[in-house]
Structure formats: C-alpha cells, structure tokens
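Those protein sequence lines, which keep their order, are chains Z and W.
Residue numbers for the first sequence follow this note's numbering, so the first one is 1 and each next one is one higher.
Residue numbers for the second sequence follow this note's numbering, so the first one is 325 and each next one is one higher.
Heads up, the beta-carbon is just placed ideally off N, CA and C, and yes, glycines get one too.
What follows is a single structure, written as structure tokens, with notes after it.
There are 2 protein chains.
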Amino acid sequence: MNTNSWSSLIERMLAGNVRALSRLVSRVENREPGWMEAMKQIYPLSGKARLIGITGSPGAGKSTLANGIARELVAGGFKVGIIAVDPSSPFSGGSLLGDRLRMKDLWNLDGVFIRSMATRGALGGLNQSARDVAKILDAFGKDFVLIETVGVGQDEVEVVRAADLVLVVCVPGQGDGVQALKAGIMEIADIFVVNKADRPGAEEVCLDIESMLDLDQSSDKPKPPVLRTTAHTGEGLPELVRTLLDLCSSPAKGRDWRKMRIREELIGLLGKELIGLIREEWEKDGVLEKAVRQIEKREKDPYSLVEERLSLWLNRDRGRIPRS
Amino acid sequence: MNTNSWSSLIERMLAGNVRALSRLVSRVENREPGWMEAMKQIYPLSGKARLIGITGSPGAGKSTLANGIARELVAGGFKVGIIAVDPSSPFSGGSLLGDRLRMKDLWNLDGVFIRSMATRGALGGLNQSARDVAKILDAFGKDFVLIETVGVGQDEVEVVRAADLVLVVCVPGQGDGVQALKAGIMEIADIFVVNKADRPGAEEVCLDIESMLDLDQSSDKPKPPVLRTTAHTGEGLPELVRTLLDLCSSPAKGRDWRKMRIREELIGLLGKELIGLIREEWEKDGVLEKAVRQIEKREKDPYSLVEERLSLWLNRDRGRIPRS
Numbered sequence: 001m002n003t004n005s006w007s008s009l010i011e012r013m014l015a016g017n018v019r020a021l022s023r024l025v026s027r028v029e030n031r032e033p034g035w036m037e038a039m040k041q042i043y044p045l046s047g048k049a050r051l052i053g054i055t056g057s058p059g060a061g062k063s064t065l066a067n068g069i070a071r072e073l074v075a076g077g078f079k080v081g082i083i084a085v086d087p088s089s090p091f092s093g094g095s096l097l098g099d100r101l102r103m104k105d106l107w108n109l110d111g112v113f114i115r116s117m118a119t120r121g122a123l124g125g126l127n128q129s130a131r132d133v134a135k136i137l138d139a140f141g142k143d144f145v146l147i148e149t150v151g152v153g154q155d156e157v158e159v160v161r162a163a164d165l166v167l168v169v170c171v172p173g174q175g176d177g178v179q180a181l182k183a184g185i186m187e188i189a190d191i192f193v194v195n196k197a198d199r200p201g202a203e204e205v206c207l208d209i210e211s212m213l214d215l216d217q218s219s220d221k222p223k224p225p226v227l228r229t230t231a232h233t234g235e236g237l238p239e240l241v242r243t244l245l246d247l248c249s250s251p252a253k254g255r256d257w258r259k260m261r262i263r264e265e266l267i268g269l270l271g272k273e274l275i276g277l278i279r280e281e282w283e284k285d286g287v288l289e290k291a292v293r294q295i296e297k298r299e300k301d302p303y304s305l306v307e308e309r310l311s312l313w314l315n316r317d318r319g320r321i322p323r324s
Numbered sequence: 325m326n327t328n329s330w331s332s333l334i335e336r337m338l339a340g341n342v343r344a345l346s347r348l349v350s351r352v353e354n355r356e357p358g359w360m361e362a363m364k365q366i367y368p369l370s371g372k373a374r375l376i377g378i379t380g381s382p383g384a385g386k387s388t389l390a391n392g393i394a395r396e397l398v399a400g401g402f403k404v405g406i407i408a409v410d411p412s413s414p415f416s417g418g419s420l421l422g423d424r425l426r427m428k429d430l431w432n433l434d435g436v437f438i439r440s441m442a443t444r445g446a447l448g449g450l451n452q453s454a455r456d457v458a459k460i461l462d463a464f465g466k467d468f469v470l471i472e473t474v475g476v477g478q479d480e481v482e483v484v485r486a487a488d489l490v491l492v493v494c495v496p497g498q499g500d501g502v503q504a505l506k507a508g509i510m511e512i513a514d515i516f517v518v519n520k521a522d523r524p525g526a527e528e529v530c531l532d533i534e535s536m537l538d539l540d541q542s543s544d545k546p547k548p549p550v551l552r553t554t555a556h557t558g559e560g561l562p563e564l565v566r567t568l569l570d571l572c573s574s575p576a577k578g579r580d581w582r583k584m585r586i587r588e589e590l591i592g593l594l595g596k597e598l599i600g601l602i603r604e605e606w607e608k609d610g611v612l613e614k615a616v617r618q619i620e621k622r623e624k625d626p627y628s629l630v631e632e633r634l635s636l637w638l639n640r641d642r643g644r645i646p647r648s
C-alpha cells in the first residue's frame with residue numbers, strides 16, 4: 001500500500017498520526033492533484049472545533065499569548081492547534097536570520113500542533129489555505145484552533161474575520177499601535193487583550209480602547225471586554241481563557257454570520273480555482289504572451305484585452321460563438 | 325453637456341482640473357459602469373510616470389518621508405502624486421479618532437495630489453485599484469507617483485512590488501521592525517531608508533540591514549544602497565532623492581520584469597472581473613443561497629459544490645453540455 005496516497009494519509013491522520021497530518025496539510029496547501037477530493041472527504045468530519053483569531057500589530061506578543069492560551073486550554077482538557085500566518089511570528093520563521101528554510105510545523109511540550117504558513121505564496125490564497133488547514137485540524141480532533149496573524153494587511157484581516165471569536169491584542173508603548181489597528185479591526189474584535197500589562201502605560205491603552213468602544217455607536221453587538229495579560233509570566237491568562245470559553249458557549253455571532261462566512265468561502269474558493277484554470281487556458285498557445293507584447297508596445301491596453309477575453313468566454317458560455 | 329459624464333470628466337482631467345481628476349479616480353475605484361471604457365481611453369496617455377513604492381512597518385514615518393520626497397521632487401521641477409494605502413497613514417485617515425468619514429483627497433502646499441485608499445473595500449482589489457489610480461495620475465501629467473503602504477500584509481506587498489522602484493523604510497527602536505520586514509520585503513527593496521536617523525540606534529539598524537544584505541547571496545541584482553534620513557527635519561532627503569533619480573534613469577529592473585508586471589496585471593484584472601460576473605450569475609435565482617443552506621446543514625461540502633459549478637461552466641464552455 002502506498003503510504004503517501006491521499007487515502008492512506010487521511011486514514012492515518014484520523015488515527016492520530018501527526019506526521020500524516022503534517023504531510024496532508026502541506027499537500028493541500030500546495031494544491032497537489034487530488035487535494036479537492038481529499039478535502040471533500042475531510043469536510044464532513046470537521047465542524048466541531050472553534051476557531052479563535054488572534055490579531056494585533058507586530059511585537060504585540062501574539063505568539064507568546066497563543067502559546068499561553070493553548071497551555072491553559074490543554075490544562076482544561078481541550079485539544080488545541082495553532083496556525084501562525086504572521087510574518088513576524090517566531091513560529092512562521094519571520095524572525096530567523098536568513099530564513100530561506102522555514103520550520104513549517106512545531107510540536108511544543110503540551111502536544112499542541114503548530115502550523116506556520118508563509119504570508120506569500122499560498123497557492124490557494126492565504127485566506128482559503130488557513131481555512132483548509134483549520135478544517136483538517138478540526139477533523140484531526142482539535143477542539144480549538146488558534147489562528148495568529150498580524151492585523152495590518154487586507155488578507156490577514158480576512159483570515160481572522162472568518163474566526164468564531166476574535167482577540168485583538170494591543171500593547172503599551174507602541175504609540176500609534178492602537179490607532180493603526182483601528183481601520184477595520186475595531187469592528188471584528190470580540191475580546192480586546194492588553195498584553196505586556198506589566199509595562200508602564202498599560203492603563204492608558206485600556207482607557208484608550210474603552211473610550212474608542214464608547215464612541216462606537218454603530219454596532220449593536222455587545223461591547224467586547226478589555227482584558228489584561230502578561231503572556232510571558234502567565235498573568236491574566238486564566239481570566240482570558242475563562243472569558244473566551246464563556247463567549248464560545250454563548251456565541252454572539254449568529255446564523256447570519258455563519259451564512260456569510262460560508263458564502264464568502266464558496267465564492268473565494270470558486271474564484272481561486274477559476275483564475276488558475278483561466279491562467280492555464282490563457283497561457284496556452286502563447287496567447288497571454290502575445291497580449292503582454294502588445295501591451296508592452298502599447299498597441300493595446302490591458303482593459304480592452306481583458307474585455308475581449310471575457311466576452312469570448314461569456315459568449316462561448318452562452319453558445320453564441322462556436323468553439324474554434 | 326453633462327459635466328459628470330465619463331468623457332467630460334476625462335476631458336477636464338486632461339486639462340488639469342483637479343476636481344475632475346478626483347471624481348474620476350473615485351468612479352474608477354468604485355467600478356461604476358463605464359469604468360473600463362474610461363480606463364481604455366486613459367491608458368494610452370499613461371506610461372511616462374515613474375512609480376515609487378514606499379513601504380515599512382507602521383510608525384516608520386512613511387507619510388512624512390513621502391511628503392519630503394515629494395517636496396524635493398517638486399523643487400526639482402517634477403510633478404508628483406501620492407497614493408496612500410497604509411491603514412496607519414495620516415493621509416488615509418487611519419490615525420484619526422472615530423474615522424467614519426475619511427478625507428479621500430488632500431492637496432498640500434506644493435500642489436501635490438494625495439489620494440488615500442482604504443485597505444479594505446476596494447472593489448477591484450487593492451492592488452488593481454492602486455494601479456488604476458497610478459495610471460490616471462500618470463495621464464494627468466505626474467512625473468512621479470509615490471505609493472505609500474505598510475509592508476506587512478500580502479496585498480500591501482503586492483502593491484509595491486508593481487512599482488518601478490521600491491524604498492523600504494526602517495527606524496531605530498522598533499526591535500523586531502527590521503526582522504518583521506524580512507519575509508518577502510528584503511527581496512523587493514531597491515533602496516533602504518533608515519528614517520528617524522537622529523534617534524539612538526540608527527547606526528545599529530544600518531549595520532543590521534547591511535549584514536542581512538551581505539548574507540543574501542541569492543540575488544544577482546545590485547546591492548541596494550542604505551541611506552539615512554530624518555524626514556521631519558529634511559535631513560538626508562536631498563541625497564535620497566538624488567539616489568532615487570539616479571536609479572530611475574538607469575533602471576535595474578529590465579524588460580523581463582516589465583513583462584512580468586504586465587502579465588500579473590492582466591491576470592489579476594481578468595480574475596477580478598470574472599469573479600464579479602460569476603458571483604452575479606451564482607446569486608441569480610437563489611442558486612448560491614441554496615448552496616449555502618446545503619453546506620450549513622452539512623448536506624454538502626463547499627469543495628464538491630465548487631467543483632460542480634466549475635465543471636458546469638467549463639463543460640458549457642466546451643459545448644459538451646447544452647445550455648438549459
């Protein structure tokens with residue numbers, strides 16, 4: 001039996017084999033042939049795990065916090081996985097000098113499975129890749145999947161938007177830190193965490209957040225709690241995890257939100273697949289290269305070329321133009 | 325004559341009317357009907373401006389630097405536009421408390437046109453929108469378009485990757501700042517700028533960058549210069565702009581790079597348009613909603629649904645299945 005076949009990998013993964021899990025994740029991320037069939041098999045076995053998004057600016061201590069939360073959850077009898085999509089995270093290798101080679105998976109002492117994802121080069125798109133990996137970890141038996149990501153980029157924000165619960169992490173002494181987070185981040189926070197709370201200025205950050213929350217009249221969702229932690233000593237972590245479990249058992253995000261999430265995933269997935277196919281088709285017979293040359297010489301503009309291509313596809317689709 | 329028609333806007337924009345320019349940019353960004361026709365008209369008039377990408381972590385002083393560079397260039401007789409896609413930039417309103425309303429355009433004292441773009445909600449995608457706006461500013465007559473963006477997110481990096489010349493901005497005292505930048509940023513830098521060089525630690529940051537550059541054997545492009553500035557006093561700006569002009573007149577990025585950029589733009593543009601059309605088609609007659617319900621009840625999985633949809637489209641395309 002081929003131990004590297006998809007079905008063998010899935011079988012061993014479901015039996016608890018971490019190496020099989022790791023390989024499965026890589027192959028799905030790399031969109032190796034058969035990945036969709038594999039995800040079809042895995043999907044029905046997922047749906048139990050809670051996704052917790054952890055976001056904030058670089059240097060906010062998100063990795064240490066994720067580790068701490070994982071430890072608390074494990075102590076409470078839960079199984080936990082971590083996905084790190086943060087370029088500045090030590091998990092994802094961003095802080096290693098000359099990181100040509102990255103450690104993709106780590107297992108820490110508590111048996112927490114940690115998967116790092118590069119922010120660029122994810123073939124299915126960062127967002128979809130993170131969702132796929134979360135589903136595999138879910139099927140593997142994890143109760144919680146923590147997704148750690150910086151809250152600055154568009155894609156990164158999308159990743160945590162898909163989580164069941166979002167923690168936004170701030171720290172004292174980052175001047176524009178809280179401010180920088182604001183655009184698009186305030187709205188998605190379910191819990192605010194002021195980390196490194198032993199540093200001077202923690203009180204001000206809390207007040208800052210509270211006053212921003214008070215100003216925000218637009219939302220009808222409950223005001224997110226603001227909690228303090230010092231992740232590297234563990235201070236505040238039990239309270240944070242208690243709040244997190246409370247919120248998970250009475251989800252603030254209802255049925256509409258779940259539907260929205262499914263809708264976005266469907267369209268994202270279809271779009272990515274379609275672009276791959278389109279690119280392939282366009283690259284055939286040098287058609288794309290010809291277009292590039294025409295634009296380079298300014299004989300044509302990209303907008304006209306795209307429109308031509310679209311109308312070709314759509315007319316074909318409608319059967320108006322017979323296929324040549 | 326309808327002064328709001330596309331042709332009138334384009335005509336007035338080309339005559340130097342800044343309000344028309346501003347409105348045109350908004351309408352293209354919002355993908356209002358006719359935007360593609362408008363861009364087709366504008367495209368042949370573009371191609372002269374140099375795109376300068378300015379990237380770095382939040383708090384690195386990118387906006388002040390962009391302003392300073394613009395001032396220097398204007399003093400040298402050039403026309404300059406700035407596009408700010410940085411959520412932490414004061415231009416894009418990220419740092420204003422309660423920024424529900426954002427100032428979209430600003431004209432500073434030097435007549436520099438500054439356009440801010442939200443990092444989320446750009447209908448054509450952040451990357452494409454920035455390129456469109458750059459082309460309009462180009463056609464308007466700008467010699468240089470500075471694109472300011474944080475260098476952390478995936479999309480944000482893509483934006484500056486498309487620039488003719490990329491400045492990566494670092495500052496002393498941001499601990500993991502230089503490190504955080506590394507993933508994916510080192511490779512795209514044409515010039516490193518150590519800003520706030522009057523602060524302690526500037527020397528270390530320069531050495532840090534130099535040693536990372538020395539370690540990087542992978543690239544065959546010339547080693548990017550490392551320059552020091554104190555943007556708020558203007559210190560170092562003349563040297564920076566001189567280097568920038570030098571590099572622009574003897575571009576390190578050759579023909580292959582230009583082709584790659586055109587290719588990426590074509591595929592991106594086509595993909596975005598296609599996804600819009602697909603979404604529309606899928607939403608018709610409640611087909612998408614039905615799919616969402618099926619997934620919610622776990623009767624189906626998203627992967628199978630996307631595959632079904634794709635094979636429907638592609639088979640249609642190949643004329644195998646007659647259109648119902």
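Query: DSSP state of residue 392(W) mapped onto helix, strand, coil; Result: helix
Query: Three-state class that DSSP yields for residue 78(Z) in the structure shown; Result: coil
Query: Alpha carbon of residue 455(W) to alpha carbon of residue 346(W), nearest angstrom; Result: 15 Å
Query: Neighbour flag for residue 337(W) against chain Z, beta carbons, 8 Å; Result: no
Query: Other residues of its chain near residue 139(Z): CB distance less than 6 Å, five sequence neighbours each side excluded; Result: 42, 45, 46
Query: For residue 589(W) and residue 328(W), the rounded distance between their alpha carbons; Result: 28 Å
Query: Residue 164(Z) classed as buried or exposed, judged by whether at least 16 other C-beta atoms fall within 10 angstroms; Result: buried
Query: Under the three-state DSSP convention, the category residue 199(Z) falls into; Result: coil
Query: Residues, ordered as in the chain, of the segment 47 to 74 of chain Z that lie near chain W by beta-carbon distance below 8 Å; Result: 47, 57, 58, 59
Query: Beta carbon proximity, residue 101(Z) to chain W, threshold 8 Å; Result: Caution applies to residue 101(Z), whose pLDDT of 31 falls short of 50 and renders its modelled position unreliable; the value that the coordinates give is listed next. It does not: the Cβ of residue 101(Z) has no partner Cβ on chain W nearer than 8 Å.
Query: For residue 233(Z), the three-state DSSP class (helix, strand or coil); Result: coil
Query: Inter-residue spacing [alpha-carbon to alpha-carbon] between residue 600(W) and residue 111(Z); Result: 43 Å
Query: Buried or exposed (CB count within 10 angstroms, at least 16 for buried), residue 116(Z); Result: buried
Query: Closest residue to residue 363(W) among 337(W), 339(W), 459(W), 405(W) (Cα-Cα distance); Result: 459(W)
Query: C-beta neighbour in chain Z for residue 493(W), strict 8 Å; Result: no
Query: Boundaries of the beta strand (DSSP E) in which residue 148(Z) is found, first to last residue; Result: 144 to 150
Query: Minimum Cβ-Cβ distance from residue 599(W) to chain Z less than 8 Å; Result: yes
Query: Exposed unless 16 or more other CB atoms sit within 10 angstroms - verdict on residue 148(Z); Result: buried
Query: Euclidean distance between Cα positions of residue 208(Z) and residue 598(W); Result: 43 Å
Query: Residue 149(Z) CB to nearest heavy atom of the ligand FMN below 7 Å; Result: The model depicted lacks the ligand FMN and carries no ligand whatsoever.
Query: C-alpha distance - residue 602(W) paired with residue 616(W), whole-angstrom precision; Result: 16 Å
Query: C-beta contact flag for residue 191(Z) and residue 224(Z) at 8 Å; Result: yes
Query: Beta-bridge partners of residue 55(Z), as assigned by DSSP; Result: 149(Z), 168(Z)
Query: Per DSSP, cross-strand counterpart(s) of residue 552(W); Result: 518(W)
Query: Contact belief for residue 377(W) with residue 484(W) at Cβ below 8 Å, rounded distance in angstroms; Result: 3 Å
Query: Partner residues on chain W for residue 291(Z), Cβ-Cβ distance less than 7 Å; Result: 590
Query: Chain W contacts made by the segment 285 to 309 of chain Z, where a contact means CB separation under 7 Å; Result: 288, 291, 292, 295, 296, 298, 301, 302, 303, 304, 305, 306, 307, 309
Query: Beta-carbon proximity check, residue 277(W) vs residue 550(W), cutoff 8 Å; Result: Outside the displayed span of chain W (325 to 648) sits residue 277(W), for which this structure offers no information.
Query: Burial state of residue 331(W) (16 or more Cβ within 10 Å); Result: exposed
Query: Same chain, Cβ closer than 7 Å to residue 13(Z), neighbours up to 5 away in sequence not counted; Result: 20, 21, 24, 140
Query: Residue 374(W), DSSP secondary structure in three states; Result: strand
Query: Amino acids of chain W, ordered along the chain, whose beta-carbon sits closer than 7 Å to that of residue 263(Z); Result: 612, 616
Query: Cβ-Cβ distance between residue 519(W) and residue 567(W) below 8 Å; Result: no
Query: Those runs of the alpha helix (DSSP H) which lie wholly inside the segment 246 to 302 of chain Z and span at least 4 residues; Result: 255 to 283, 287 to 296
Query: Interface flag, residue 594(W) vs chain Z, CB-CB below 8 Å; Result: yes
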